[in-house]
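Asker:
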Amino acid sequence: MIRRRTGRWNGTVIVALSAIAVGVLLAESALVLLAIPPIVFVGYSHLTRDPVVSLSVDHHLAPTDPTHGESVEVTVTVRNEGPQPLADVRVLDGVPPMLSVRDGTPRHGAVLGPGESTTFSYRVEPKHGVHRFEPVTAVVRDVSGRLAMVTTLSTSTAISCRSPVRTIPLERVVGNRPGATAGATTGSGVEFSTVRSYRFGDPPGRIDWNRYARSGSLSTVSYREERTESVVLCVDARRECYLSAGPAEPHAVLYERVAAREVLDAVTAAGTPVGLSILSAESTWLAPGTCSHHVGNIERTLEDDTTLSLEPPDRRTEDGCVDAHVSTLQPAVRADWGVVLFSPLCDDVPVEISRRLRERGCSVAVVSPDVTSGNSLATAFSQLRRRNRIATLRRADVPVVDWDPETPLEPTIRRSVGR
Numbered sequence: 109m110i111r112r113r114t115g116r117w118n119g120t121v122i123v124a125l126s127a128i129a130v131g132v133l134l135a136e137s138a139l140v141l142l143a144i145p146p147i148v149f150v151g152y153s154h155l156t157r158d159p160v161v162s163l164s165v166d167h168h169l170a171p172t173d174p175t176h177g178e179s180v181e182v183t184v185t186v187r188n189e190g191p192q193p194l195a196d197v198r199v200l201d202g203v204p205p206m207l208s209v210r211d212g213t214p215r216h217g218a219v220l221g222p223g224e225s226t227t228f229s230y231r232v233e234p235k236h237g238v239h240r241f242e243p244v245t246a247v248v249r250d251v252s253g254r255l256a257m258v259t260t261l262s263t264s265t266a267i268s269c270r271s272p273v274r275t276i277p278l279e280r281v282v283g284n285r286p287g288a289t290a291g292a293t294t295g296s297g298v299e300f301s302t303v304r305s306y307r308f309g310d311p312p313g314r315i316d317w318n319r320y321a322r323s324g325s326l327s328t329v330s331y332r333e334e335r336t337e338s339v340v341l342c343v344d345a346r347r348e349c350y351l352s353a354g355p356a357e358p359h360a361v362l363y364e365r366v367a368a369r370e371v372l373d374a375v376t377a378a379g380t381p382v383g384l385s386i387l388s389a390e391s392t393w394l395a396p397g398t399c400s401h402h403v404g405n406i407e408r409t410l411e412d413d414t415t416l417s418l419e420p421p422d423r424r425t426e427d428g429c430v431d432a433h434v435s436t437l438q439p440a441v442r443a444d445w446g447v448v449l450f451s452p453l454c455d456d457v458p459v460e461i462s463r464r465l466r467e468r469g470c471s472v473a474v475v476s477p478d479v480t481s482g483n484s485l486a487t488a489f490s491q492l493r494r495r496n497r498i499a500t501l502r503r504a505d506v507p508v509v510d511w512d513p514e515t516p517l518e519p520t521i522r523r524s525v526g527r
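This note's numbering puts the first residue of the sequence shown at 109, with every later residue one more than the last.
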């Protein structure tokens with residue numbers, strides 16, 4: 109809590125002292141008498157005690173699970189939990205950074221007695237993702253208005269606007285079927301491969317007993333082994349990717365976070381090991397895994413505003429960033445893994461990264477949120493270059509999900525990877 113003087117009575121003091129000085133110089137008692145009431149008020153303001161501030165805040169959302177673009181009414185209730193009345197309470201709600209107020213105002217003022225509360229509401233239009241409210245700022249002034257106590261009220265309220273991806277055709281990314289791919293070696297798998305002569309020590313369960321019953325000769329059946337594949341979600345969070353369709357619109361990195369979070373659910377539902385890579389000035393790497401704790405770490409990383417900042421990084425990507433990012437990914441990503449790259453394709457870096465990963469043997473797919481809407485010449489040029497990059501990737505047999513954030517994600521994925 110911060111205590112500060114408002115300076116409300118400074119002008120009054122100057123006027124009163126000036127009146128006294130002029131009255132003395134001119135021997136005008138009336139001027140001296142006129143200065144007495146302001147001085148009394150100023151003296152009273154110095155006798156008042158600091159207000160005891162103890163406030164609580166509560167948010168109510170309607171609806172609680174909105175869809176993209178659906179208006180949400182935010183009702184804020186502020187209560188005076190202290191024993192003293194608060195003569196002047198001014199509140200500014202912490203609207204989530206990526207949302208804008210469509211109706212009403214997040215500012216409110218009231219007089220609160222002990223135990224009393226005040227309520228106000230406004231409307232926001234949420235976009236895809238989880239939007240957490242920032243702390244509420246409250247300014248409480250004493251009766252005289254000379255002092256102000258500034259405090260913040262924390263809240264855990266968040267608007268969750270999900271675009272669920274329940275299932276996706278992972279075979280386009282990781283192999284012939286979700287979670288596994290046929291190996292080149294044979295052994296104790298489930299798919300029939302070959303029959304050979306029996307060798308001492310072969311497991312009894314792999315002996316062809318039907319052939320032994322017919323011919324009396326022992327033979328061993330080999331099956332094609334399957335190995336579990338892994339998928340790495342790669343989020344392009346370079347400064348260059350912090351682009352938006354307008355000043356009040358979310359940027360592409362936020363949409364990347366949303367898409368990666370939804371694809372994560374679909375991959376884990378298929379039982380596929382999943383990892384995370386974040387391409388930025390300070391790259392993040394989480395090796396693939398399947399346990400709930402590991403998946404929870406990925407979820408928290410994707411929703412962490414520190415790791416994936418809502419504001420563009422201070423430093424632009426340096427020259428040679430392709431080599432830097434690929435050198436980070438290549439030692440960690442096995443050649444038989446699948447990589448899902450989330451990027452707005454605002455430059456050629458993701459195209460080059462995809463090409464090098466393909467050369468390594470990885471399966472690559474790209475999910476690209478389109479934030480190039482607009483009618484300006486510069487926007488049209490950006491749209492053209494982005495379409496060219498998409499065409500380049502598709503010619504290289506890299507599936508590209510060209511996602512308009514105004515539409516649901518799952519149908520777009522199914523249409524795109526089924527091309």
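Each residue gets a CB set at the ideal place from its N, CA and C atoms; glycine is no exception. Quantities reported herein were computed from a predicted structural model and do not represent experimental measurements.
Look at the alpha carbon of Val340 and the alpha carbon of Val382, and state the distance between them as a whole number of angstroms.
Answerer: Position 232 of the sequence shown holds residue 340. Position 274 of the sequence shown holds residue 382. Going from the Cα of Val340 to the Cα of Val382 covers about 6 angstroms.
Asker: What is the DSSP secondary structure of Cys470, counted as helix, strand or coil?
Answerer: For the purposes of this step, residue 470 is identified with residue 362 of the sequence shown, where counting begins at 1. Cys470: coil per DSSP, three-state reduction.
Asker: So, helix, strand or coil for Trp445, using DSSP?
Answerer: Along the sequence shown, one-based indexing puts residue 445 at 337. Looking at Trp445 - three-state DSSP - the assignment turns out to be coil, as it is neither helix nor strand.
Asker: What are the residues that DSSP puts in a beta bridge with Asn405?
Answerer: One-based indexing of the sequence shown puts residue 405 at position 297. DSSP, once it has assigned bridges, lists no residue as partnering Asn405.
Asker: Look up Leu163 in the DSSP assignment and give the residues it is bridged to.
Answerer: For this step, residue 163 is matched to residue 55 along the sequence shown. DSSP output for Leu163 lists Asn188 as bridge partner(s).
Asker: How would you write the range of the alpha helix (DSSP H) that Tyr320 sits in, first residue to last?
Answerer: Counting from one through the sequence shown, the residue named residue 320 turns up at place 212. It spans Trp317 to Ser323 - the alpha helix (DSSP H) in which Tyr320 sits, taken as one unbroken run.
Asker: Could you check which residue in Cys269, Ser325, Pro159 and Arg210 has the C-alpha nearest to that of Arg240?
Answerer: As a working mapping, residue 240 is identified with position 132 in the sequence shown. The shortest Cα separation from Arg240 among Cys269, Ser325, Pro159 and Arg210 belongs to Cys269.
Asker: Can you tell me which residues form a DSSP beta bridge with Cys269?
Answerer: Within the sequence shown, numbered from 1, the residue matching residue 269 stands at position 161. Partner(s): Gly237.
Asker: Indicate whether at least one CB of chain D lies closer than 7 angstroms to the CB of Gly383.
Answerer: This model lacks chain D altogether, as it is built from one protein chain only.
Asker: What does the alpha-carbon distance come out to for the pair Asp512 and Pro243?
Answerer: Looking up residue 512 in the sequence shown gives position 404. Looking up residue 243 in the sequence shown gives position 135. In a straight line, the C-alpha of Asp512 is about 32 angstroms away from that of Pro243.
Asker: Please report the straight-line C-alpha distance between Val509 and Ile498, rounded to a whole angstrom.
Answerer: Taking the first residue of the sequence shown as 1, we reach residue 509 at position 401. Taking the first residue of the sequence shown as 1, we reach residue 498 at position 390. When rounded, the distance between both Cα atoms is 9 angstroms.
Asker: Using the Cα positions of Thr398 and Ala488, report the straight-line distance between them to the nearest angstrom.
Answerer: To locate residue 398, count along the sequence shown from 1; it is residue 290. To locate residue 488, count along the sequence shown from 1; it is residue 380. Taking the straight line from one Cα to the other gives about 43 angstroms.
Asker: Alpha carbon to alpha carbon, how far is Pro193 from Ser561? Give it in angstroms, no decimals.
Answerer: Look at the range of the chain in this structure, 109 to 527, and you will see that residue 561 is not part of it.
Asker: Along the chain, where does the beta strand (DSSP E) that runs through Arg215 open and close?
Answerer: Position 107 of the sequence shown, counted from the first residue, corresponds to residue 215. It spans Arg215 to Leu220 - the beta strand (DSSP E) in which Arg215 sits, taken as one unbroken run.
Asker: For Asp373, which of helix, strand or coil comes out of DSSP?
Answerer: As a working note, residue 373 is residue 265 in the sequence shown. Helix at Asp373.
Asker: Roughly how far, in whole angstroms, is the beta-carbon of Ser385 from the beta-carbon of Leu418, given that I think they are within contact range, below 8 angstroms?
Answerer: Taking the sequence shown and counting its residues from 1, the one referred to as residue 385 is at position 277. Taking the sequence shown and counting its residues from 1, the one referred to as residue 418 is at position 310. So it is not a contact: roughly 20 angstroms between Cβ atoms.
Asker: When DSSP builds the beta bridges, which residues end up paired with Tyr230?
Answerer: As a working note, residue 230 is residue 122 in the sequence shown. Tyr230 pairs with Val182 and Gly212.
Asker: State buried or exposed for His168, treating a residue as buried only when at least 16 other CB atoms are found within 10 Å of its CB.
Answerer: By 1-based counting over the sequence shown, the position of residue 168 is 60. With fewer than 16 other Cβ atoms within 10 Å, it is exposed.
Asker: So, Thr226 versus Ala218, is the Cβ gap smaller than 7 angstroms?
Answerer: As a first step, residue 226 is located in the sequence shown; it is residue number 118 there, counting from the start. As a first step, residue 218 is located in the sequence shown; it is residue number 110 there, counting from the start. The answer is yes: Cβ separation under 7 angstroms.
Asker: Which residues in the same chain as Ser162 place their Cβ atom closer than 6 angstroms to its Cβ, once the five residues preceding and following it in sequence are excluded?
Answerer: Taking the sequence shown and counting its residues from 1, one reaches residue 162 at position 54. Here the set comprises Glu189 and Gly190.
Asker: Are the CB atoms of Val472 and Val447 within a distance shorter than 7 angstroms?
Answerer: Stepping through the sequence shown from its first residue, residue 447 is reached at position 339. Stepping through the sequence shown from its first residue, residue 472 is reached at position 364. Closer than 7 angstroms, so yes.
Asker: To which residues does DSSP link Ala170 through a beta bridge?
Answerer: Along the sequence shown, read from residue 1 onward, the residue named residue 170 stands at position 62. Partner(s): Glu181.
Asker: Which residue's Cα is closest to the Cα of Val273: Ala321, Asp373, Glu233 and Asp316?
Answerer: On the sequence shown, residue 273 is found 165 positions in, with the first residue counted as 1. The shortest C-alpha separation from Val273 is found at Asp373.
Asker: State the Cα-Cα distance for the pair Leu501 and Met206, rounded to the nearest angstrom.
Answerer: By 1-based counting over the sequence shown, the position of residue 501 is 393. By 1-based counting over the sequence shown, the position of residue 206 is 98. Spanning the two alpha carbons is a distance of roughly 31 angstroms.
Asker: I'd like to know if the region 453-462 and the region 343-353 are in contact, where contact means that at least 3 CB-CB pairs between them fall below 8 angstroms.
Answerer: Yes, they touch.
Asker: Using the C-alpha atoms, what's the distance from Leu394 back to Thr409?
Answerer: As a first step, residue 409 is located in the sequence shown; it is residue number 301 there, counting from the start. As a first step, residue 394 is located in the sequence shown; it is residue number 286 there, counting from the start. Approximately 10 angstroms, taken between the alpha carbons.
Asker: For the beta strand (DSSP E) holding Thr260, just list the boundary residues, first then last.
Answerer: Position 152 of the sequence shown holds residue 260. Leu255 to Leu261 is the extent of the beta strand (DSSP E) around Thr260.
Asker: Just reading off the alpha helix (DSSP H) that Ser490 is part of, what are its end residues?
Answerer: By 1-based counting over the sequence shown, the position of residue 490 is 382. First-last of the alpha helix (DSSP H) with Ser490: Leu485 to Arg503.
Asker: Asp201 to Arg215, Cα distance in whole Å?
Answerer: Locating residue 201 in the sequence shown gives position 93, counting from the first residue. Locating residue 215 in the sequence shown gives position 107, counting from the first residue. Asp201 and Arg215: Cα-Cα distance of roughly 7 angstroms.
Asker: For Ala389, which option in Ala345, Ala356 and His359 has the closest C-alpha, if you only look at C-alpha atoms?
Answerer: The residue you call residue 389 lines up with position 281 of the sequence shown. Answer by Cα proximity: Ala345.
Asker: Between the Cα of Arg234 and those of Ala170, Arg187 and Pro396, spot the shortest distance and give me the residue it belongs to.
Answerer: Taking the sequence shown and counting its residues from 1, one reaches residue 234 at position 126. Arg is not the amino acid found at residue 234; the sequence shown has Pro there. The candidate whose alpha carbon is nearest that of Pro234 is Ala170.
Asker: Out of curiosity, what's the CA-to-CA distance linking Glu460 and Phe450?
Answerer: Within the sequence shown, numbered from 1, the residue matching residue 460 stands at position 352. Within the sequence shown, numbered from 1, the residue matching residue 450 stands at position 342. Going from the Cα of Glu460 to the Cα of Phe450 covers about 14 angstroms.
Asker: Gly283: buried (16+ other C-beta within 10 angstroms of its C-beta) or exposed?
Answerer: As a working note, residue 283 is residue 175 in the sequence shown. Only weak support exists for where Gly283 lies, its pLDDT of 49 falling under 50; the value from the coordinates is given anyway. Classification for Gly283: buried.
Asker: How many Å lie between Tyr230 and Val132 at the Cα?
Answerer: Indexing the sequence shown from 1 puts residue 230 at position 122. Indexing the sequence shown from 1 puts residue 132 at position 24. Between Tyr230 and Val132, the C-alpha separation is close to 56 angstroms.
Asker: Put Pro243 into one of helix, strand or coil per three-state DSSP.
Answerer: As a first step, residue 243 is located in the sequence shown; it is residue number 135 there, counting from the start. Correct three-state label for Pro243: strand.
Asker: Should Thr480 go down as buried or exposed, given a rule of 16 or more other Cβ atoms within 10 Å for buried?
Answerer: The sequence position of residue 480 within the sequence shown is 372, counting from 1. So Thr480 ends up on the buried side.
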